[in-house]
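Chemist:
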Amino acid sequence: MRITLTVNGTRREVDGVWEGESLLYALRERMGLPGSKNACEQGECGSCTVYLDGLPVCSCLVAAGQADGREVTTVEGLSADGELRPVQQAFLACGAVQCGFCTPGLIVSTHDLLERNPQPSDPEIREALAGNLCRCTGYEKIMDAVRLASRAQERAS
Amino acid sequence: MTSAVPNSAGASETTASRGRVGDSPLRPDGLLKVTGAFAYASDLSRDDMLWGATLRSPHPHARIVAIDTAPALAVPGVHAVLTAADVPGENAVGLEHLDQPALAEGVVRYQGEAVALVAAEHPETARRAAARIVVEYEELPAVTDPRRALEPGAALVHPARRDAGGNLVREVRMRRGDPAPTAPVVVALDFEVGMQDQAFLGPESGLAVPGADGGVDLHVATQWLHVDQRQVCHVLGLPPGKVRLHLAGVGGAFGGREDLSMHAHACLLALRTGRPVKMSYSREESFFGHVHRHPAWLRYEFGAERDGTLVYARADILFDGGAYASSTGAVVGNGGSLGLGPYRIPNVHVDARGVYTNNPPCGAMRGFGCVQAAFAHEALMDELADAVGVDPVEIRARNGMREGDTNITGQVIDSAAPVAELIRIVRDMPLPPGSPPEPDLRELPGGVGNTTHGEGVVRGIGYAVTYKNVGFSEGYDDYSTARVRLEVSAGEPVATVHTAAAEVGQGLITVEQQIARTELGVERVVVQQADTTVGSAGSTSASRQTYVTGGAVKAACEAVRDTVLARAAGMLQRAAADLRLDGDKIVDVSGEVLTGVADVLGDEAVEETLEWRHRPTAPLDEETGAGDAHVQFAFSAHRAVVDVDVELGLVKVVALDTAQDVGRAVNPDAVLGQIQGGSAQGMGLALMEEVVVTDGRVRNPSFTDYLIPTILDTPPMRIEVLEYADPHAPYGVRGVGEPPTISSGPAVAAAIRAATGKALRRVPVRPEHITGA
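Heads up: the sequence lines are chains A and B, in that order. full-length UniProt numbering puts the first residue of the first sequence at 1, with every later residue one more than the last. full-length UniProt numbering puts the first residue of the second sequence at 1, with every later residue one more than the last.
(1) Taking only runs that begin and end inside the stretch 357 to 393 of chain B, name each unbroken alpha helix (DSSP H) of 4 or more residues, in chain order.
(2) Between which two residues does the beta strand (DSSP E) holding M279 (chain B) run?
(3) Among residues of its own chain, excluding the 5 on either side of A11 (chain B), which ones have a beta-carbon nearer than 7 Å to its beta-carbon?
(4) If we count the other Cβ atoms within 10 Å of its Cβ and call it buried at 16 or more, is D217 (chain B) buried or exposed?
(5) Can you tell which of B:A84, B:A126, B:V34 and B:P101 has its C-alpha closest to the C-alpha of A74 (chain B)?
(6) For M571 (chain B), count neighbouring C-beta atoms within 10 Å of its own C-beta (all shown protein chains included) and say buried if the count is 16 or more, exposed if not.
(7) With C-beta atoms as the reference, is R20 (chain B) less than 8 Å away from R459 (chain B)?
(8) Between the stretch 415 to 436 of chain B and chain A, which residues of the former have a C-beta closer than 8 Å to a C-beta of the latter?
(9) So if DSSP puts Q632 (chain B) in a beta bridge, which residue, or which two residues, is it bridged to?
(10) With a cut-off of 8 Å, does the C-beta of T73 (chain A) fall near any C-beta of chain B?
(11) So Q98 (chain A) contacts chain B; which residues on that side make the cut at Cβ distance below 8 Å?
(12) Would a C-beta distance cut-off of 8 Å place V465 (chain B) and A637 (chain B) closer than the cut-off?
(13) Between which residues of its own chain and R176 (chain B) is the CB-CB distance below 6 Å, once the five residues before and five after are set aside?
(14) Measuring straight from C-alpha to C-alpha, what distance separates S45 (chain B) and G43 (chain A)?
(15) Spatial neighbours of A264 (chain B) within its chain, please: CB distance less than 8 Å, with the 5 preceding and 5 following residues excluded, ordered by chain position.
(16) Have a look at residue 774 (chain B) and A376 (chain B) and give me their C-alpha separation to the nearest angstrom.
(17) Hey, quick one: how far does the alpha helix (DSSP H) through Q660 (chain B) stretch, first residue to last?
(18) Do you know whose CA, among B:T624, B:D391, B:H290 and B:G521, lies nearest M174 (chain B)'s CA?
(19) Hey, quick one: how far does the beta strand (DSSP E) through F319 (chain B) stretch, first residue to last?
(20) By Cβ distance, which residues of its chain are closer than 7 Å to A751 (chain B), with the 5 residues on each side in sequence left out?
(21) Going by DSSP, what residue range makes up the beta strand (DSSP E) through P56 (chain A)?
(22) By how many angstroms is the C-alpha of P668 (chain B) removed from the C-alpha of L114 (chain A)?
(23) Could you pull out every unbroken beta strand (DSSP E) segment of at least 3 residues lying fully inside the stretch 87 to 119 of chain B, listed in chain order?
(24) Drop a sphere of 10 angstroms on the beta-carbon of L148 (chain A), count the other beta-carbons inside from all chains shown, and report buried for 16 or more, exposed for fewer.
(25) Return the CA-CA distance between E720 (chain B) and S541 (chain B), expressed in angstroms with no decimal places.
(26) Please report the straight-line C-alpha distance between K141 (chain A) and Y724 (chain B), rounded to a whole angstrom.
(27) How would you label W18 (chain A), buried or exposed, when you count the other beta carbons within 10 angstroms and need 16 or more for buried?
(28) Report the three-state DSSP secondary structure of residue 774 (chain B) (helix, strand or coil).
(29) I'd like to know whether the C-beta atoms of A114 (chain B) and A72 (chain B) end up nearer to each other than 8 Å.
(30) Label T182 (chain B) either buried or exposed according to how many other C-beta atoms from any shown protein chain fall within 10 Å of its C-beta, with 16 as the threshold for buried.
(31) Going by C-alpha distance, which of A:R2, A:C136, A:A39 and A:V87 is nearest A156 (chain A)?
(32) Under a three-way DSSP split, which group does V692 (chain B) fall into?
(33) To the nearest angstrom, how far is it from the Cα of T110 (chain A) to the Cα of S590 (chain B)?
(34) Out of B:D657, B:S480 and B:G308, which has the shortest C-alpha to C-alpha gap to T609 (chain B)?
(35) Measuring straight from C-alpha to C-alpha, what distance separates K758 (chain B) and E127 (chain A)?
(36) Taking contact to mean 3 or more Cβ pairs, one atom from each stretch, closer than 8 Å, check whether the stretch 676 to 684 of chain B and the stretch 75 to 91 of chain B are in contact.
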């Protein structure tokens, strides 16, 4: 089937989509956007988190056909203008990236958290990111990065 | 000194630095990783590529009577279906023993063993076609209890080994001192450790591209390109020149990528179809596609003086190796030679065994044989502390190894062994505050499940120490190769470093750059993609790469520097020993600029390739286990603070604090990252992580049912890093990655015991172990 959607601000028509394909598969394999990651493909790890009409979702749990006519923003789209977002800068600066496989999902989830709650407490950060598994960092530097991004956004505003 | 204090926002924020040894420069792959542009193995694609899928055995042990591939071949979009009959080389792979077929031949020995392969236009087509392959099985009696695997009459997992050990993969015996020691205080216990999974997030993936020469290029996520290459060549029947491996982006490893997964399979399909073939496992397949940490059964006994000083230790350790050997032999070597922990023990009797069963194959995982043992020796050390009335910190300080001591294999610990200092450091760290009158649910056991508001919650504190070997042991020729080139580009000296060492996320590329900057004085360092066009770097495991590949890069840089300075000395009529490289200049010892690097090199590049070895090790004596088997030892201590809902058996780890000697922190931020991540993995094994296997079948192959710690489960960590340089190691480094995974779990288990008064002789600790009688 054909789906038509807006991805990172650009209207895309994708042909030949099989009904059983996930949005994650369509992004990765049909639209050249492999930034969203495929670590569990059952909505447990958050590595595939994207915005769907402004709400963060696990793109592995959304059928590609469900995204027809809708707006998707992936990790690639957050810095589409070539400028890193504060959350991306903070993950870099704090050493919150090791293997990095969880990073795209965490970037999107953190971006969403700070949009909703610019100055989250530590328990609020932990609750908001509990759906994003990381196996390398033990989360300490991710906590550092979220706190830093929050401060940086506060300074910028 | 490096340290981390939790909740001090930005404490570990990287500051601008020159990026030399001892600094914490930003990792060069970080920008790509935060923008989604980094190419992991599962991201690779070619326009004309096919997708591979694997058909796996549903049985733990069965004879393959017949395979009918015709229904799969009939599926539109399918290009090839392969079985063992299609393997052109020898159908045998394995790290220590070539005991595993690339595709099952006549028999399957564990649930999930690869039986057949499909290549198709779409991954779903390939999976569905694989499901249409008809395999007729005749189920065989399965050996699923490793404790019975060595009994007379037990079925043999590998019948050909009937006269070569049967189901015994390896046995290691340690005998030291008095064979029949006695002591006034004796404590003993039995312990059981469940099967842990590495749970790296990036699934096993790779892309095999057939070459015009009849060979193949394999782009793959791995820990050791050359050991993969050797095995793939074996299966394909091709020489190394025709099987070229390239490291693709690796999404974590932790031991789970030491063995082959899809490597040979993708190559077989690519060579058969003449098209690039990509394979990428689902999470479920990943649980069957790599080895796990060995489950273990441990019986320990300590004899001590009335003041708690150890007189003797006995241990019997059994590792379930599963259906194929993988690295079971080396795990048994570690369990036997290191399994009594970092203590001074004059009289020792240890038997460690690894056995074949029809359970999932087990092999390398971070901590490698020491993790299982540490749960037992640390639980028993607490028993001993209780028995003699000494607190858990002092009993460890009293018995802890010191530099110059001899370990149980008779090896002298000839660099720092600060056991007492480490355990006292964690004891003296501030404790987290108690729960406030109206605690945040998210900080209580059960969390937002709203199972308690603090009632029934008891706090406990536990301690543990460990030591772990760094590098490959027991006489293994453990080397790395580095190629370093210095040339002038656009007026600026540029160093290029090429090794086959696998960056798996830990930050090795950054370290290679730091070393080159330090040794060559340059700012710009390019690290080439790891591949097999340069010699082996050995494995990214055993906490060894900064030491061994770092040593190789350092040595190659020194050779380049010597060449450049010798040339400069000739031009300047000065002694080379008086010259230094500093950025784009050559200076004398006072820093005075003598000439430019460009003036010396011109258009020429200076390149050196060399192999580097750490000091040799020796095998363990067959009868006594004696031998200088290990290269280096790394020590760590943990203190865990837990809150336990004793009514529901739920645990919240409140703090997980640690101290570790790293010799020299080449990259202090990366060191902290290793310690934090390693600590969380150890905690996971204590609390939640277990591949549940019943009658040889895995019951929970998913992240829904196999739980790893989330950010809500993981506590803040205070970390203190000691830097007692090892005089035998480059820059004084000591391996970092594994010790935190070993000492954190036992500290968590001890804290739960302290809170509940339960013996807790099995990990992961389940709620019913806490609430049960």
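Glycine residues also receive a C-beta, built at the ideal position from the N, C-alpha and C atoms.
Modeler: Reading off the structure:
(1) 370 to 388
(2) V277 to S280
(3) In this prediction, A11 (chain B) has a pLDDT of 37, which is less than 50 and means its spatial position is unreliable; nothing more can be read from the coordinates.
(4) buried
(5) B:A126
(6) exposed
(7) no
(8) none
(9) B:V470
(10) no
(11) G252, G505, Q506, G507, G673 and G677
(12) yes
(13) V348 and I408
(14) 24 Å
(15) V93, A102, Q231, V232, V235 and L236
(16) This structure leaves residue 774 (chain B) out entirely; chain B is present only between 1 and 773.
(17) Where Q660 (chain B) is concerned, there is no enclosing alpha helix (DSSP H), although the beta strand (DSSP E) it sits in stretches over L650 to D661.
(18) B:T624
(19) L310 to G322
(20) G460, I461, G462, A640, V641 and V642
(21) L55 to C58
(22) 29 Å
(23) none
(24) buried
(25) 23 Å
(26) 25 Å
(27) exposed
(28) Since the displayed chain B opens at 1 and closes at 773, residue 774 (chain B) lies outside it and no answer follows.
(29) no
(30) exposed
(31) A:V87
(32) coil
(33) 51 Å
(34) B:S480
(35) 30 Å
(36) no
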